[in-house]
Amino acid sequence: MTLSHKRRNFSEDDDIIALRESSEFSQPEIDAKCACNRFMLLMDAHRNYDKASAQVSGVDEDVNEKILLLDDLLAAYDDAKNAGQRRADESRELANHSEIMGSLIRAEAMESMGKRKRKNDEDEGIPSGGKLMRVITLMKEQAKVELDFERERMQNEMEERRIELEERRMERQLMAE
């Protein structure tokens with residue numbers, strides 16, 4: 063017969079009383095690194111226990127207070143670890159968003175600057191705006207030409223594949239006859 067241990071929920075007052083009644087930590091040879099290492103070993107062992115118990119089906123498990131405490135600790139540890147990861151992801155997204163918005167604002171500012179100069183120099187047929195505007199214009203034209211080239215190449219490749227597919231289909235029909 064198994065004895066079931068009822069878990070007791072402590073209040074903050076009970077915690078304070080228990081802390082006042084307990085003696086000081088009497089093992090000075092244990093430092094933070096050692097305690098952290100032991101904690102990680104306990105968490106890893108409990109994860110392995112959870113995996114093993116999940117694989118066993120239809121077996122009654124003995125659940126004691128240690129397992130319940132380790133379950134709670136593991137859940138709290140994973141939540142804290144995931145919260146740190148979420149904060150890092152959010153800050154990375156915010157930085158990316160800020161960078162994108164900054165580049166859009168810079169691009170719009172450069173375009174509006176070019177428009178203002180063009181209004182002043184409407185009698186000239188060449189775009190003004192200094193070297194930077196000329197470089198940006200050339201880069202845009204180059205990107206457009208490359209895009210047109212890639213589009214043409216893809217269309218040719220699709221046409222070749224369609225022809226090959228038709229040839230294979232014809233060969234299959236001939237083989238079937």
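Residues 63 to 239 in our numbering are what the sequence shown spells out, letter by letter. The C-beta atom is built at its ideal place from N, Cα and C for all residues, glycine as well. All of these numbers come straight from a predicted model, not from anything done at the bench.
Report the three-state DSSP secondary structure of residue i (helix, strand or coil).
i    : result
D124 : coil
D185 : Residue confidence for D185 is low, a pLDDT of 48 falling below 50, so the modelled location carries little weight; the figure read from the coordinates is stated next. In the structure shown, D185 sits in coil (DSSP, three-state: anything other than H, G, I, E or B).
E239 : coil
R270 : Nothing about residue 270 can be read from this structure; the chain reaches only from 63 to 239.
Using the rule of at least 16 other Cβ atoms within 10 Å of the residue's Cβ for burial, across every protein chain shown, is residue i buried or exposed?
i    : result
G146 : exposed
G164 : exposed
G176 : buried
M63  : At M63, the pLDDT of 44 sits below 50, so the modelled position is not reliable; the number obtained from the coordinates is stated separately. Its Cβ having fewer than 16 others within 10 Å, M63 is exposed.
In chain order, what residues of the same chain lie with their CB nearer than 7 angstroms to the CB of residue i, ignoring the 5 residues before and after it?
i    : result
S115 : E123
R234 : none
L104 : L132
For residue i, which residues of its own chain have a beta-carbon under 8 angstroms away from its beta-carbon, when the five flanking residues on both sides are left out?
i    : result
D203 : At residue 203 the sequence reads Glu, which differs from the Asp that was named. None.
R100 : none
Between which residues of its own chain and residue i is the CB-CB distance below 6 angstroms, once the five residues before and five after are set aside?
i    : result
A238 : none
Is it true that the stretch 91–108 meets the stretch 132–143, where meeting means three or more beta-carbon pairs spaced less than 8 angstroms apart? The stretch 91–108 vs the stretch 132–143: in contact.
Report the start-end ranges of each alpha helix (DSSP H) in the stretch 80–148 that is 4 residues or longer and not cut off at the edges. Listed in chain order, they are 94–117.
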